[in-house]
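K.L.:
If you read the sequence shown in the working numbering, its first letter stands for residue 206, the second for the next number, and so on.
After the structure tokens below, expect a handful of questions from me.
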Amino acid sequence: MHSTNPVPESHWEPPHSRSSSRRRLRIIEIGLSIAAIVLIGILVFSTSRAVSPGAITNVGDQSDFARFQDSAQRLLLIGSPEAFQILIQAFRQGEPITHRNVALQLLATASSPNAVPALMRALKDNDSSVRAGAAQVLGMRHEKSAIPDLIAATRDDKAQVRREAIRSLVQLDAWQVLPRIDQLLTYEIQDEVRQAAQAAKDAFRVQVAFDLGIPSPQVHDVVATPSEPLRYYAVTTTDLYARDGATWQRVSALPDAPNSIAAGSNQDLIYLATQNSGLYKSADGGKSWEHVQFGKKTPTQLTVTAVTIDPTNDQQIYIALATTEADGKTLSGMGVFSSSNGGKTFVWLEDSPMQVVTTRLTLDPNNPDVKGYLLGIADNTPWRYRLG
């Protein structure tokens, strides 16, 4: 007797046939995996072989470049963490500049989710050129999640890494790097890094001017509080502005022509260094100003040329003083002074620079090489003063 509901022939196969199909699929999967491993191995060999130093200055053999470009594109298509790790090695010191440029462009536009984690790991690579390349690409990608790691990279022991990290942080509009920028402008000894830091500071100042609709020379300084919650302050020729969110708000008129401003860990605490009237303090975010009395008598106008607040202790203040010579233009240094009680009294730091005008002061308790020192710059020359 025939079944009234036969199973359609096309939907049925014997059990032994289904088992064979599964075995065939498994064999195909294993074969593809082996092929992928072999391909990566071939690419490792072709992209990591030694390159002669002359290849850096010479565009080199076009066939070699074509092979590298083809291999790099294949790695991008594979898109695995291992493939990106291999591609990033094109940044190694001694690799041809043409290889580096190809890797830059491919990594900057790679859509794989494995690209950014590979670049973040590369910030800790043993080769400083790889670290610098990774920092550069993260900026090109506008990768906001990389900001903390890039700020950490500004402390790298190699100048090229610090330089690229600073440049990328500007591309990322990372205003929170401002305290670190001020440190680098004060004690960094490598010109390329100081130039990058100055360019970063200028870029932020120009952005403030654009936001306020004023010429950039009218923005004298812009700073950030050294810890969360972040607040940004900017001083123009006549006014103080503050920003907690996306827009700048005018806070008050300045009591005197500004030189610079310093912000404490308490976001409402700021000190204003002025050209004619010394130092002013505000405990309410600049809504009101208190003139700081030094107990220093001078027959000429008193100028505070630099001010900084200890990021670990808001009561500890350091200032550099100067007076104006008879010509009304030339400044004469008076040394550096310290207050341990929030500006109520100041004492002169014995043997601090006197014959030159100090234009920047900072502290960096996170750097073991300079922890315990007051750091300054005068006549474009960094100096340090042992505290305690």
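Glycine residues also receive a C-beta, built at the ideal position from the N, C-alpha and C atoms.
1) Could you give the uninterrupted runs of the alpha helix (DSSP H) lying entirely in the segment 382-438, keeping only those of 4 residues or more?
2) Return the chain-ordered list of same chain residues with a C-beta closer than 7 angstroms to the C-beta of Thr517, the five sequence neighbours on each side being excluded.
3) Pick out whichever of Lys363, Ala295, Lys349, Asp416 has its Cα sitting closest to the Cα of Tyr321.
4) Compute the Euclidean distance between the alpha carbons of Asn471 and Glu300, then round it to the nearest angstrom.
5) When you compare only the Cα positions, how much space is there between Asn555 and Thr563?
6) Using alpha carbons as the reference points, say which of Thr510, Ser285, Ala308 lies closest to Ala277.
7) Give a yes or no on contact between the segment 335-347 and the segment 538-557, applying the rule of three or more CB pairs nearer than 8 angstroms.
8) If Leu445 sits next to Tyr438, beta carbons under 8 angstroms apart, how far is it from one beta carbon to the other, in whole angstroms?
9) Mark Ile371 as exposed unless 16 or more other C-beta atoms lie within 10 angstroms of its C-beta, in which case mark it buried.
10) Since Ser465 contacts Asp426 with CB under 8 angstroms, what's their CB separation in whole angstroms?
11) Which word fits Gln560, buried or exposed, when buried means at least 16 other C-beta atoms lie within 10 angstroms of its C-beta?
12) Reducing DSSP to helix, strand and coil, say where His496 ends up.
13) Helix, strand or coil for Gly581, going by three-state DSSP, please let me know.
14) If the criterion is Cβ atoms closer than 8 angstroms, does the pair Ile514 and Gly491 meet it?
15) Within 10 angstroms of its Cβ, does Ala405 collect 16 or more other Cβ (buried), or is it exposed?
16) Just checking, does the segment 566-582 make contact with the segment 392-400 on the three C-beta pairs under 8 angstroms criterion?
17) Report the option in Val428, Asp489, Leu417 whose CA atom is closest to the CA atom of Arg455.
P.N.:
In short, the structure shows the following:
1) Runs of the alpha helix (DSSP H) inside the segment 382-438: 383-392, 396-417.
2) The residue given as residue 517 occupies position 312 in the sequence shown. Cβ neighbours of Thr517 beyond the five flanking positions: Pro570.
3) As a working mapping, residue 321 is identified with position 116 in the sequence shown. Residue identity check: residue 321 is Val in the sequence provided, not Tyr. Closest option to Val321, judged by alpha-carbon separation, among Lys363, Ala295, Lys349, Asp416: Lys349.
4) Within the sequence shown, numbered from 1, the residue matching residue 471 stands at position 266. Within the sequence shown, numbered from 1, the residue matching residue 300 stands at position 95. The alpha-carbon atoms of Asn471 and Glu300 are separated by roughly 48 angstroms.
5) In the sequence shown, counting from the first residue as 1, residue 555 sits at position 350. In the sequence shown, counting from the first residue as 1, residue 563 sits at position 358. The sequence shown places Glu at residue 555, not Asn. Put simply, the backbone Cα of Glu555 is about 15 angstroms away from that of Thr563.
6) Within the sequence shown, numbered from 1, the residue matching residue 277 stands at position 72. When only C-alpha atoms are compared, the closest one is Ala308.
7) Cβ pair count under 8 angstroms is below three, so no.
8) Reading the sequence shown from its first residue, position 240 is the one you call residue 445. Reading the sequence shown from its first residue, position 233 is the one you call residue 438. Rounded, the Cβ-Cβ distance is 7 angstroms, consistent with contact.
9) Here residue 371 corresponds to residue number 166 of the sequence shown, with the count starting at 1. Buried, by the Cβ-count rule.
10) For this step, residue 465 is matched to residue 260 along the sequence shown. For this step, residue 426 is matched to residue 221 along the sequence shown. Yes, Ser465 and Asp426 are in contact; Cβ-Cβ is about 5 angstroms, under 8 angstroms.
11) What you label residue 560 is simply residue 355 of the sequence shown in a count that begins at 1. When all chains shown are included, Gln560 counts as exposed.
12) The count along the sequence shown starts at 1 and reaches residue 496 at position 291. Here His496 sits in strand by DSSP.
13) As a working mapping, residue 581 is identified with position 376 in the sequence shown. Taken through DSSP and simplified to helix, strand or coil, Gly581 comes out as strand.
14) Your numbering for residue 514 matches position 309 in the sequence shown. Your numbering for residue 491 matches position 286 in the sequence shown. No; because the gap between Cβ atoms is not below 8 angstroms, this pair is not in contact.
15) Along the sequence shown, one-based indexing puts residue 405 at 200. In the assembly as shown, Ala405 is a buried residue. Its beta-carbon has 16 or more other beta-carbons within 10 Å.
16) Taking a contact to require three or more Cβ pairs closer than 8 angstroms, the segment 566-582 and the segment 392-400 qualify as touching.
17) Residue 455 sits at position 250 when you count from the first residue of the sequence shown. It is Leu417 whose Cα lies nearest to the Cα of Arg455.
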